[in-house]
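Undergrad:
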Amino acid sequence: MATTNPVPRFPDGFLWGVSTSAHQIEGAVDTREPSVWDVFTAEPGRVRDGSTAAMACDHVHRHAEDVALLAGLGVDAYRFSVSWPRVRASGGLDFYDRLVDELCAAGVRPVPTLFHWDLPAGLDWLERSTAERFAEYAAEVAGRLGDRVQKWITLNEPAEHTLLGHALGVHAPGRKLLFDALPVAHHQLLAHGLAVRALRAAGAGDIGIANSHGPAWPASREEADVAAADFYDLLLNRLFADPLLLGRYPEGVGELMPGDVGADLEVIAEPLDWYGINYYAPTGVGAPRDTGTDFGGVRIPAGLPFSVREIEGHPVTDFGWPVVPQALTEILTTFRARYGDRLPPVVITENGCAYEGLDDRDRIAYLDGHLRALHRAVEAGVDVRGYFVWSLMDNFEWAEGYSRRFGLVHVDFGTQERTPKASYAWFRDLLREQRRP
75 MATTNPVPRF
85 PDGFLWGVST
95 SAHQIEGAVD
105 TREPSVWDVF
115 TAEPGRVRDG
125 STAAMACDHV
135 HRHAEDVALL
145 AGLGVDAYRF
155 SVSWPRVRAS
165 GGLDFYDRLV
175 DELCAAGVRP
185 VPTLFHWDLP
195 AGLDWLERST
205 AERFAEYAAE
215 VAGRLGDRVQ
225 KWITLNEPAE
235 HTLLGHALGV
245 HAPGRKLLFD
255 ALPVAHHQLL
265 AHGLAVRALR
275 AAGAGDIGIA
285 NSHGPAWPAS
295 REEADVAAAD
305 FYDLLLNRLF
315 ADPLLLGRYP
325 EGVGELMPGD
335 VGADLEVIAE
345 PLDWYGINYY
355 APTGVGAPRD
365 TGTDFGGVRI
375 PAGLPFSVRE
385 IEGHPVTDFG
395 WPVVPQALTE
405 ILTTFRARYG
415 DRLPPVVITE
425 NGCAYEGLDD
435 RDRIAYLDGH
445 LRALHRAVEA
455 GVDVRGYFVW
465 SLMDNFEWAE
475 GYSRRFGLVH
485 VDFGTQERTP
495 KASYAWFRDL
505 LREQRRP
């Protein structure tokens, strides 16, 4: 349970928000082009409950109701994603025009993410040209929305999109390339850099990225376990942060990437106004095992230079992820030590948990604990400027379908009725307390 003591006060001007993504909430698939996720979920056995996002939360038709929920919550900002497949359809930006107008009228700052995994069907991150097409798309969106949008995110979690979608095959587009998926990582990072340039050329500023990060904890102090955890840290943290913040890949990685890597890194390392971190849990890592291991519903095959291990002694969410608030402090202070002055101000662009129920006290305890851990990082000298809860409302949770609920607002997917949970009221009251003179 959350403590009765108030969460410590964050600095003045701290940005409070909630996050969603287009494919997970929008529905209205008949008004956009198909994405790789539409193709993927149409294949039997790909999604746990056999569902698709064809309806999801029907946000395209119910966005006014959802903006009212945002206003009632009292957040400063709403992080949503723009659907590239919707923009490619006739009149596709009209919806986002209306949404941004309604957000501004409600006093909620729009913070669009340009790519949250729903790549248009027919494009492929294995191809360098996709990065170039992405920059063109970024310029188009900025040209339409840039007069009202003051904060931008290029990509969401390229690490997961690479690992789950292209290396392990459990997310769209369902490839099992293992380390042959590395070009996907490079082309997404290149797309980010090209998009930063395109956004700035269109007059946009305050640009960041939303990368997922978390500590890799060795299963023991044995040399083999420590080495495996170091490799996992490289693969999920440094591979996606070093090029952006240092302008180079970790040692031995650059040679594995396609194209003129040196020239590409100059683009990838375009200076950022802020750095977004999505944090959920640390990962226990050990030496390789002869059989595969399971992590959060994902099967990690044998043959990799690490295995994922259970972290004992902590409660877990409905997803099976350990609840370890202090690991948020750890990853933030690690990044501050690792990157020093090259680390721009940080925004927590996602943090949340999957729990059932309207009286979701476990979610309240999770958020309370993580906000306290975030405050400890601020006290330790990390320049944190904002925090976004994942998510505003229950949604289509990728390969888990509708079987996992991350929302502050409950959604009845049969009737589309929205019902604020106890955590919605708790977060609303927290924001009021944070702003009290």
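Each residue of the sequence shown is one higher than the one before, starting from 75 at the first, in the working numbering.
All C-beta atoms, glycine included, are put in the ideal place defined by N, C-alpha and C.
1) What separation, rounded to the nearest whole angstrom, lies between the Cα atoms of VAL463 and GLU329?
2) Among VAL390, ASP368 and ASP392, which has the Cα closest to the Cα of VAL382?
3) Using 10 angstroms around the beta-carbon of THR493, count the other beta-carbons present and answer buried if the total reaches 16, otherwise exposed.
4) To which residues of the same chain is SER465 closer than 7 Å at the C-beta, ignoring the five residues directly before and after it?
5) Got a sec, what are the start and stop residues for the alpha helix (DSSP H) LEU309 sits in?
6) Determine the direct distance from the alpha carbon of GLU386 to that of ALA209, and round the result to whole angstroms.
7) Using the C-alpha atoms, what's the distance from TYR413 back to GLY248?
8) Could you give the DSSP three-state label for VAL121: helix, strand or coil?
9) Should LEU318 and ILE351 be called a contact, given that it needs their Cβ atoms to be closer than 9 Å?
10) Closest by CA to HIS266, which one among PHE314, ALA138 and VAL182?
11) With a 10 Å radius around its C-beta and 16 neighbouring C-beta atoms as the bar for buried, classify ASP503 as buried or exposed.
12) How do the segment 179 to 192 and the segment 146 to 161 stand: do at least 3 beta-carbon pairs fall below 8 Å, yes or no?
13) Give the straight-line distance between the Cα atoms of ALA376 and GLY358, rounded to the nearest whole angstrom.
14) Identify which residue in ALA233, LEU273, LEU242 and ALA290 has its Cα closest to the Cα of GLN262.
15) Do ALA212 and ARG197 come within 9 Å of each other at the CB atom, strictly closer than that value?
16) Alpha carbon to alpha carbon, what distance is there between PRO108 and ASN311?
17) With distance defined between alpha-carbon atoms, name the residue in TYR323, GLU507 and HIS260 nearest to GLU201.
18) Identify which residue in ALA138, HIS484, LEU339 and GLY288 has its Cα closest to the Cα of ALA401.
19) DSSP three-state label for PRO419, please.
20) Is the segment 97 to 108 close to the segment 234 to 241, with three or more CB pairs under 8 Å?
21) Can you check DSSP and say which residues form a bridge with ALA151?
22) Within its chain, find whatever has a CB closer than 7 Å to the CB of ARG478; leave out the 5 residues flanking it on each side and keep chain order.
23) What did DSSP end up calling THR408 once you bin it into helix, strand or coil?
24) Please give me, in chain order, every unbroken run of the beta strand (DSSP E) with length at least 3 that falls completely inside the segment 276 to 353.
25) Write down the C-beta distance between SER125 and GLY475 rounded to the nearest angstrom, noting that I regard them as a contact closer than 8 Å.
26) Quick check: what's the CA-CA separation for LEU147 versus PHE501?
27) Roughly how many angstroms lie between the CA atoms of ARG410 and VAL452, to the nearest whole one?
28) Do you know how far the Cα of ALA138 is from the Cα of MET75?
29) Using a threshold of 9 Å, state whether the C-beta atoms of SER155 and HIS133 are closer than that.
30) Need the endpoints of the beta strand (DSSP E) that VAL29 sits in, please.
31) In chain order, what residues of the same chain have a beta carbon less than 7 Å from the beta carbon of PRO399, not counting five sequence neighbours either side?
TA: Let's see:
1) What you label residue 463 is simply residue 389 of the sequence shown in a count that begins at 1. What you label residue 329 is simply residue 255 of the sequence shown in a count that begins at 1. The straight-line gap from Cα to Cα measures roughly 37 Å.
2) Indexing the sequence shown from 1 puts residue 382 at position 308. Comparing Cα-Cα distances from VAL382 to each of VAL390, ASP368 and ASP392, the minimum goes to ASP368.
3) One-based indexing of the sequence shown puts residue 493 at position 419. With fewer than 16 other Cβ atoms within 10 Å, it is exposed.
4) Along the sequence shown, one-based indexing puts residue 465 at 391. Cβ neighbours of SER465 beyond the five flanking positions: VAL92, SER93, THR94, GLY426, PHE480 and GLY481.
5) Your numbering for residue 309 matches position 235 in the sequence shown. LEU309 -> no alpha helix (DSSP H), and no H or E assigned at all.
6) The residue given as residue 209 occupies position 135 in the sequence shown. The residue given as residue 386 occupies position 312 in the sequence shown. Distance between the alpha carbons of ALA209 and GLU386: 44 Å.
7) As a working mapping, residue 248 is identified with position 174 in the sequence shown. As a working mapping, residue 413 is identified with position 339 in the sequence shown. Taking the straight line joining both Cα atoms gives about 34 Å.
8) Mapped onto the sequence shown, residue 121 falls at position 47. If DSSP states are grouped into helix, strand and coil, VAL121 belongs with coil.
9) In the sequence shown, the residue the question calls residue 318 occupies position 244. In the sequence shown, the residue the question calls residue 351 occupies position 277. Not in contact: LEU318 and ILE351 (Cβ atoms no closer than 9 Å).
10) Looking up residue 266 in the sequence shown gives position 192. Looking at the Cα atoms, PHE314 is the closest of the given residues.
11) By one-based count along the sequence shown, residue 503 stands at place 429. So ASP503 counts as exposed.
12) yes
13) As a working note, residue 376 is residue 302 in the sequence shown. As a working note, residue 358 is residue 284 in the sequence shown. Their Cα atoms are separated by approximately 16 Å.
14) For the purposes of this step, residue 262 is identified with residue 188 of the sequence shown, where counting begins at 1. It is ALA233.
15) Working through the sequence shown from its first residue, we reach residue 197 at position 123. Working through the sequence shown from its first residue, we reach residue 212 at position 138. For the record, residue 197 in the displayed sequence is Leu; it is not Arg. No. Outside cutoff.
16) Taking the first residue of the sequence shown as position 1, residue 311 is located at position 237. Taking the first residue of the sequence shown as position 1, residue 108 is located at position 34. Spanning the two alpha carbons is a distance of roughly 31 Å.
17) By 1-based counting over the sequence shown, the position of residue 201 is 127. When only C-alpha atoms are compared, the closest one is HIS260.
18) Start at 1 with the first residue of the sequence shown, and residue 401 comes out as number 327. The shortest C-alpha separation from ALA401 is found at GLY288.
19) Mapped onto the sequence shown, residue 419 falls at position 345. Coil, per DSSP.
20) no
21) One-based indexing of the sequence shown puts residue 151 at position 77. DSSP output for ALA151 lists GLY91 and ARG183 as bridge partner(s).
22) For this step, residue 478 is matched to residue 404 along the sequence shown. If we look at ARG478 and ignore the five residues flanking it on each side, its Cβ neighbours are ASP392, PHE393, ALA428 and GLU471.
23) Counting from one through the sequence shown, the residue named residue 408 turns up at place 334. It is helical.
24) 281 to 286, 290 to 292 and 349 to 352
25) Against the sequence shown, residue 125 aligns to sequence position 51. Against the sequence shown, residue 475 aligns to sequence position 401. About 4 Å; that satisfies the 8 Å criterion.
26) Looking up residue 147 in the sequence shown gives position 73. Looking up residue 501 in the sequence shown gives position 427. Answer to the nearest angstrom: the Cα atoms are 7 Å apart.
27) If you number the sequence shown from 1, residue 410 lands on position 336. If you number the sequence shown from 1, residue 452 lands on position 378. Each residue's Cα considered, the two are about 11 Å apart.
28) Here residue 75 refers to the residue found at position 1 when the sequence shown is read from its first residue. Here residue 138 refers to the residue found at position 64 when the sequence shown is read from its first residue. Below a pLDDT of 50, predicted positions are generally treated as unreliable, and MET75, at 49, falls in that range; the measurement from the model is reported next regardless. Cα to Cα, MET75 sits roughly 33 Å from ALA138.
29) Here residue 155 refers to the residue found at position 81 when the sequence shown is read from its first residue. Here residue 133 refers to the residue found at position 59 when the sequence shown is read from its first residue. No, the pair does not count as a contact, with Cβ atoms beyond the cut-off.
30) One cannot answer for residue 29 here, as it falls past the ends of the chain, which runs 75 to 511.
31) In the sequence shown, counting from the first residue as 1, residue 399 sits at position 325. GLY443, HIS444, ARG446 and ALA447, listed in sequence order.
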